[in-house]
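Residues in the sequence shown are numbered from 19 upward in steps of one, following my numbering. Just so you know, even glycine gets a beta-carbon here, dropped at the ideal spot from N, CA and C. Here the structure is a predicted model, which is why all the values come from computation and not from measurement.
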Amino acid sequence: MTSGTRTVAVPDGKPNAPGLIVQDLSPVLRAGWEALSFQPSGLTPPDVQVAVGPAHVVEAVNVALGVYSKEGVQLVTSALSTVFATGSDFLSDPRIQYDGLSGRWFVAAGDFTTGQVLVAASMSSDPTIGWSIYRVPSSATSECLDQPILGVGTLNVIVSVNAYSDCFSSTYTFYGAQFWVMNKTDLVNGVLSPSVWPSPRYAADFSIHPVRMEGRSLIQNMVATLWDASTDTSSALQLFEVSGSPPGAVVVSETDRAIASAALPPPSTQLGTVYTLDTADFRISDAVWSRGLLWLGFNEVCPGLPSTACIRLIEVETTARTIRQDFRVSSTLRHYFYPALALDGAGNLAVLAGYASGSEYPGLVATGRLTGDPIGVLQPPVVVKAGLGVDQSWCDTNTSQCRYGDYFGSSNDPSDPTLVWFAGEFGRGSALGWGTYISAVRMKAMLTLNYSVDSGPLPAIGPMLHFVRNGTPDSVAIGAEPVTFLADPGTAWRIDSSFTTPSREARYVSRASDAPNLAGVANRSASTSFVYQVQYPLAIDVGTGGSVAYATNSTTHTVAAGTKDVVYVFAGRTVNLTAIPTSVFWAFTGWTGDLAGGAASNAIAVDQPRSIVARFALNWALITAISTVIVIAAVTATVFLVRRKRRARPPPFPPIQQGPPIPPSSPPEGPPPLT
């Protein structure tokens, strides 16, 4: 949508919502520790920032920089004046980012003594080694360059400010917003005089916010809420694009998009004191870009709740420069303020926010959404750090209002794309002053699942959910009450479409209408209830000499002679049975078990586990009759053959008769043989 917004009333993380059993919560808190805190020489508010590199976590607050291991071991704490070598200059408003493309850290802070912005680039990926220091503008000014904002992109480092005539007088003139585009390669290489392009003054604009760019892009984005000074409201979101890099040409373009009007947030109440917390205004608190999508957040009053502060979240598609979603995050029970935003490697959004109420000390919560979640949907907030006491570090007795914020910090983790980091302020008690807390979180797909049975009892163990949790395949049973399971984003999950009880006394089958919802990819959170239908087993035991044909559930089947089969039947349905002898030599003798009777065709209602036996026996009457016939036929055939043999006997041979004697043979005629 291009205008308008919606309000998302998020659960408050106090009692669970009715019927919801929270087994797991997302964002998942991985690690956290109390970090830099108020010092007697420190400033209020802390202006908390955090950046994370391959092996270090660096927190920046007013006047100090703290370097930690990722396990929370404090390695180095340095004053900003030491990092920038500025002596007694008054420094404030620090910003810090780690740039994964160059492997360098960048820090910016305001030097309010010289009227300049300080920029430091680390000499390596180790923030304890050393820094190259720069100033913009290069020469001191008499102006107040307030609240510098740092943005590191592929080509450039941009710092922006609000320019005033004076920082320390109650009377001042606002000159407008301005920014400087610095060649990043020059800063990384430690060039003494890096190429810098100064923008003109934007007299009508306020707090132009360079976006933290997570990924390569030749265009660097900036955003701002267009402030209507006559009404102290904003109804437009300003989208800036910076292309080119000095010393070459730098081109800045701007597009404004209408948004639902934002008004100044009220101060937040806090437990244990009449002093309230300053929730600042609706300038951009944080903004981050990744893969064509830009998220930003700021504070405002909750529409319809004029005494409640809430946060506003907007997502922008930067190629078309259109607003994809725009919503407020509010609660009737507490205030939310100072959002910090981070995108993990899959583009899932994680959000840190401060909270407080008349019944709660100032603390920190995290929430977020996956890339596939419906528009305007956030996960329930998880308390990252509960407040330990009131925050009265610096309060105005005339207004009963205490400074807080002015912003919190966020960072992705270049070593773990599933992890994001936050840092923010929490209340420690008026005597202790402010404290800060660093935490790492992971976004997960929250699968809130339960099932019911439309008839019959619930089994002791329900259907299994198969999913990936923390990189490992897992299987757990879901129950009748809603339970939330956390799946790794982007991984496949499924629920059994049918399951059988361990004793096999029943089987449960999901409804056909639920089939599309039984599997998916964890790119969104889901809350789904499934309905299963119970089936009871019918055990059919068929004796030798026949088979049994049955019809149920719109199917037919035959159980062969001498075998057993188990068919599961929807509760209360009837199974039609037909006993079929193998041949005429076998006869069906009847049913036993849960079915009685001698009729070959019968039926049984399966309203519980059933077992039947079909019995067959040899048909002795038929066999005897057939045998008798065969014997008679055999005897008859034998007699007939004997008689035929007698009729066919041949007559005796005749006697030999005597004839005349044969005379002796005469010599042959002709001449005698030669001698």
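Query                                                                                                      : Result
Beta strand (DSSP E) segment containing Lys-403, residue limits                                            : 400 to 403
8 Å contact criterion, which Ala-441 and Gly-427 should meet: CB distance rounded                          : 4 Å
DSSP state of Asn-416 mapped onto helix, strand, coil                                                      : coil
Proximity of Val-501 and Tyr-550 at Cβ, strictly below 8 Å                                                 : no
Buried versus exposed call for Ala-537 [16 or more other C-beta atoms within 10 Å across all chains shown] : exposed
Buried or exposed by the 16-neighbour rule on C-beta atoms within 10 Å, applied to Gly-266                 : exposed
Buried or exposed by the 16-neighbour rule on C-beta atoms within 10 Å, applied to Asp-362                 : buried
At least 3 beta-carbon pairs within less than 8 Å: the segment 346 to 360 vs the segment 296 to 316        : yes
Residue of Pro-507, Gly-71, Val-94 and Gly-386 minimising C-alpha distance to Phe-124                      : Gly-71
When Cys-162, Phe-258 and Val-79 are compared against Ser-188, the one with the closest alpha-carbon       : Cys-162
Paired residues, beta bridge with Pro-555 - DSSP                                                           : Tyr-586
Nearest-angstrom Cα separation, counted from Ala-298 out to Ala-97                                         : 26 Å
Helix, strand or coil at Ser-143 [DSSP, three-state]                                                       : coil
N-terminal and C-terminal residue of the beta strand (DSSP E) that Thr-203 is part of                      : No beta strand (DSSP E) holds Thr-203; the alpha helix (DSSP H) holding it covers 202 to 206.
Ala-618, DSSP secondary structure in three states                                                          : coil
Cβ contact check for the segment 409 to 417 and the segment 458 to 477: 3 or more pairs under 8 Å          : no
Per DSSP, the bridge partner or partners of Thr-189                                                        : The partner list for Thr-189 (beta bridge, DSSP) is empty, contrary to what the question assumes.
Span of the beta strand (DSSP E) around Thr-490                                                            : 490 to 495
Arg-346 to Leu-257 span [Cα, whole Å]                                                                      : 20 Å
Nearest candidate by alpha-carbon position, reference Thr-336, set Ser-377, Leu-351, Thr-273 and Ala-533   : Thr-273
Candidates Tyr-455, Asn-541, Thr-251 and Ser-211: closest to Leu-47 by CA position                         : Tyr-455
Distance between Gln-397 and Asp-514 (C-alpha atoms, nearest Å)                                            : 26 Å
Contact check, Leu-119 vs Ser-263, beta carbons under 8 Å                                                  : no
Inter-residue Cα distance where the pair is Leu-312 and Val-199                                            : 20 Å
8 Å Cβ shell around Val-81 - same chain, five flanking residues per side excluded                          : Gln-57, Ser-59, Gly-60, Leu-61, Ala-97, Leu-98, Ser-99, Leu-109 and Ser-110
Status (buried if at least 16 other CB within 10 Å, exposed otherwise) for Gln-92                          : exposed
With 16 other Cβ atoms within 10 Å as the buried cut-off, status of Phe-603                                : exposed
Cβ neighbour criterion (16 or more within 10 Å) applied to Lys-202                                         : buried
Coil, strand or helix - Leu-640 by DSSP                                                                    : helix
Touch test, the segment 485 to 497 against the segment 558 to 565, Cβ-Cβ under 8 Å, three pairs minimum    : no
Proximity to Tyr-469 [Cα-Cα], best of Arg-460, Met-482 and Met-461                                         : Met-482
Enclosing beta strand (DSSP E) for Leu-382 [first to last residue]                                         : 378 to 387
Rounded straight-line distance, which links the Cα of Asn-430 to that of Gln-134                           : 29 Å
Reduced DSSP secondary structure (H/G/I, E/B, other) of Ala-78                                             : strand
Ser-156 - containing alpha helix (DSSP H), residue span                                                    : Element bounds for Ser-156: n/a, residue is neither H nor E.
Thr-519 (DSSP reduced to helix, strand or coil)                                                            : coil
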